[in-house]
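A.B. asks:
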Amino acid sequence: MVDTTLFELVSPEKLVMSKNVSMVVVPGTEGLFGVLPRHSSMLSTLAPGVINVYDGDDVTDSLFVINGFAEVTEERCTVLAEEVIPVEDIDTDKYEKQTEMLKDEASRSESGSAEKIRKNIEEREQILAAMINAKNH
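Each residue of the sequence shown is one higher than the one before, counting from 1000 in the numbering used here.
Next comes the structure, spelled out in structure tokens:
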């Protein structure tokens, strides 16, 4: 029998995926990590990027995730993400427009609130760069 591990991907709205997989590769803030059956337990925060789900040597699903965390045990990998987008549905225009609106808002803000907006802009730019990278691969 082929060894598998349970992979569950959850967004605020719903359970996006729950299935037994050969491997899942997750974008952690410290870098990509692969989860195989009987993986040692760990927790990781997520970086914006693509989760690849494997059945044997084949990638069966590629999903872009934004923020959240992953919990890995010997039996499962559970990812809780703020946003989940199938790679083929990535819309960079939406994030480009949001970034431009934030830049405009920052230019009109007082220095205290402008710093908070600038951090939000940096986060949006990181998400946008990861999205462009995902679409190009």
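Yeah, the Cβ is synthetic: ideal placement off N, Cα and C, and Gly gets one too.
Buried or exposed: residue 1103, going by 16 or more other Cβ atoms within 10 Å of its Cβ?
C.D. replies: Label assigned to residue 1103: exposed.
A.B. asks: Jot down the residue ranges of each uninterrupted beta strand (DSSP E) in the stretch 1012-1039, minimum 3 residues, whole runs only, in chain order.
C.D. replies: Counting whole runs of 3 or more residues, the stretch 1012-1039 contains the beta strand (DSSP E) stretches 1014-1020, 1022-1027, 1030-1034.
A.B. asks: Would you be able to state if there are at least three C-beta pairs under 8 Å between the stretch 1028-1041 and the stretch 1100-1114?
C.D. replies: The stretch 1100-1114, when compared against the stretch 1028-1041, does not touch it at the 8 Å Cβ threshold.
A.B. asks: Could you give the distance in angstroms between the alpha-carbon of residue 1050 and the alpha-carbon of residue 1061?
C.D. replies: About 6 Å.
A.B. asks: Given this structure, state the Cα-to-Cα distance separating residue 1071 from residue 1077, to the nearest angstrom.
C.D. replies: Those two C-alpha atoms are separated by around 6 Å.
A.B. asks: Going by C-alpha distance, which of 1006, 1129, 1052 is nearest residue 1095?
C.D. replies: The option with the nearest alpha carbon to residue 1095 is 1129.
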